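Undergrad: Remember, the numbering used here sits 414 above the position in the sequence shown when you count from 1. Each residue gets a CB set at the ideal place from its N, CA and C atoms; glycine is no exception. Quick caveat: nothing in here was measured; it's all calculated off a predicted structure. For reference, the structure I am asking about is given below.
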Amino acid sequence: MEFIRIDISGPVATITIDRPKALNALTPQVLDELSQALEVVNTDEVRAVILTGAGEKAFAAGADIKEFPSFGPFQAQEFAVRGQNLTRKLEAFPKPVIAAINGFALGGGCELALACHMRVASEKAKLGQPEVNLGVMAGFGGSQRLPRLVGKGVALEMLTTGRVLDATEALRVGLVNAVTTAEELLPTCIKIGEQIAGKAPRAVALTLEAVNRGLNMTLEEGLNLEAQLFALTFTTEDMQEGTRAFIDKRKPKFTGK
Ligand code: HXC
């Protein structure tokens, strides 16, 4: 892969968008490589994934604007769908994906972060949907996921003014889970990944499924789904191990079975 780096350290894999000269802007090739990277890290050994950007300045400054003037509507649609397929794959990934937002997360970059399961930002992070400055709009899911995360009012303000939020404001509106210094960003995300790695992988995966699918259902449908997935955890060896370990007053040893 030309623009993606993968580092696997124990149970936590880090995927880095590595195109710092263009502030990690997202071309079709970068999107395809990111999609391939998710396949590479989808192993039993990996229990959590961190997504970040190379360099000091950017997580990803958005779709590659330099390609836009040559697009017609069909190419624009194809590009949006390509990005949306990637964000759906991120969202449906069976292990938690943590966005480590090290700098600009704008437009498509913010939309990638929105599709991750949680977001941690460095003090230097800047998040926004500035597409309206270019005469376009969000196309990798921002118009749908941003209001689900921060509420309609804040989302519409961001999407229609293009105003970029600093890390403190992003934390205040619930766009990110936590803010750290630049140095502490990856260690913090690795710590979260390691906490997840200590849990039963199938219970974690089913939880991701319950939340992701449930948010698009009525409460009644979501509760029904939750009860079914809860029942599924009772088919796992890890459920026996976890409950026995509690009763025996010892730490559980989960195997993923
Ligand atoms: C292509 C980009 C880019 C982008 C930065 N660069 N963002 N190239 N696409 N999205 C390039 C610059 O052209 C420049 O390369 C180099 O990266 C450094 O950027 P500078 O602008 O010189 O840096 P700086 O002055 O620090 O400003 C940083 C910035 C600015 C504020 C982030 O780069 C910026 O506003 N970028 C665009 C952000 C944006 O509008 N994103 C939304 C895109 S639309 P050269 O070689 O020229 O020096 C989108 C739609 C998604 O994402 C949905 C699609 C379906």
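Say whether the region 529-542 touches the region 491-509, bearing in mind that this needs 3 or more beta-carbon pairs closer than 8 Å, one atom from each stretch.
TA: Enough Cβ pairs lie closer than 8 Å, so yes.
Undergrad: If the criterion is Cβ atoms closer than 8 Å, does the pair residue 417 and residue 498 meet it?
TA: In this structure, residue 498 does not lie closer than 8 Å to residue 417 by Cβ.
Undergrad: What number of angstroms, rounded off, separates the C-alpha of residue 490 from the C-alpha of residue 442?
TA: Roughly 11 Å separates the two Cα atoms.
Undergrad: Can you list, in chain order, the residues of its chain with a C-beta nearer than 8 Å to that of residue 496? Leave out the 5 residues immediately preceding and following it.
TA: Excluding residues within five positions, the ones whose Cβ falls inside 8 Å are 442, 445, 446.
Undergrad: Checking 8 Å against the spacing of the C-beta atoms, do residue 468 and residue 440 come in under that value?
TA: Contact flag unset, no.
Undergrad: Check whether the Cβ of residue 487 lies closer than 7 Å to any heavy atom of the ligand HXC, and answer yes or no.
TA: No.
Undergrad: Between the Cα of residue 480 and the Cα atoms of 436, 466, 628, which residue gives the shortest distance?
TA: Out of 436, 466, 628, 436 has the C-alpha closest to the C-alpha of residue 480.
Undergrad: Spell out a yes or no on whether the region 645-659 and the region 624-631 are touching, meaning 3 or more CB-CB pairs, one atom from each, closer than 8 Å.
TA: As far as the Cβ criterion goes, the region 645-659 does not touch the region 624-631, which means the pair count is below three.
Undergrad: Is the beta carbon of residue 425 sitting closer than 8 Å to the one on residue 455?
TA: Contact: no.
Undergrad: Since residue 520 contacts residue 544 with CB under 8 Å, what's their CB separation in whole angstroms?
TA: Sure, about 6 Å apart at Cβ, within 8 Å.
Undergrad: Using the Cβ count rule (16 or more neighbours within 10 Å means buried), how would you classify residue 431?
TA: Buried, because 16 or more other Cβ atoms sit within 10 Å of the Cβ of residue 431.
Undergrad: Could you give the uninterrupted runs of the beta strand (DSSP E) lying entirely in the region 588-630, keeping only those of 3 residues or more?
TA: Counting whole runs of 3 or more residues, the region 588-630 contains the beta strand (DSSP E) stretches 592-594.
Undergrad: So what does DSSP say about residue 485, is it helix, strand or coil?
TA: Reduced to three states, the DSSP call for residue 485 is coil.
Undergrad: Can you tell me whether residue 673 is buried or exposed? The criterion is at least 16 other CB atoms within 10 Å of its CB, across all chains shown.
TA: No information on residue 673 is available, as it lies outside the stretch 415 to 671 that the chain covers here.
Undergrad: List, from N- to C-terminal side, the beta strand (DSSP E) runs of 3 residues or more that fit wholly inside the region 494-578.
TA: Entirely contained in the region 494-578, the beta strand (DSSP E) runs reaching 3 residues are, in chain order, 511-515, 518-520, 532-536, 540-542.
Undergrad: From the DSSP output, in three-state form, read off residue 581 for me.
TA: Reduced to three states, the DSSP call for residue 581 is helix.
Undergrad: Is the closest heavy atom of the ligand HXC to the C-beta of residue 505 under 7 Å?
TA: No, the ligand HXC has no heavy atom inside 7 Å of this Cβ.
Undergrad: Run the CB neighbour count on residue 593, radius 10 Å, all protein chains shown included, and call it buried at 16 or more, exposed below.
TA: The residue in question, residue 593, is buried, as its Cβ has 16 or more Cβ neighbours within 10 Å.
Undergrad: Can you give me the Cβ contacts of residue 510 inside the same chain, cut-off strictly under 6 Å, excluding the 5 residues immediately before and after it?
TA: 462, 531, 610.
Undergrad: Tell me the rounded alpha-carbon separation between residue 452 and residue 476.
TA: Taking the straight line joining both Cα atoms gives about 19 Å.
Undergrad: Which residue wins for smallest C-alpha separation from residue 645, given the options 608, 624, 515, 584?
TA: The residue with the shortest Cα to Cα distance from residue 645 is 624.
Undergrad: Using the DSSP secondary-structure output, state which residues sit across from residue 421 in a beta bridge.
TA: Its beta-bridge partners are 428.
Undergrad: By DSSP's criteria, residue 466 is part of a beta bridge. Which residues make up the other side?
TA: Answer by DSSP bridge pairing, in chain order: 430.
Undergrad: Cβ of residue 516 versus every heavy atom of the ligand HXC: is any distance shorter than 7 Å?
TA: Checking the Cβ of residue 516 against the ligand HXC gives no.
Undergrad: In whole angstroms, what separates the C-alpha of residue 415 from that of residue 671?
TA: Near 32 Å, if we compare the C-alpha coordinates of residue 671 and residue 415.
Undergrad: Can you tell me whether DSSP reads residue 437 as helix, strand or coil?
TA: Looking at residue 437 - three-state DSSP - the assignment turns out to be coil, as it is neither helix nor strand.
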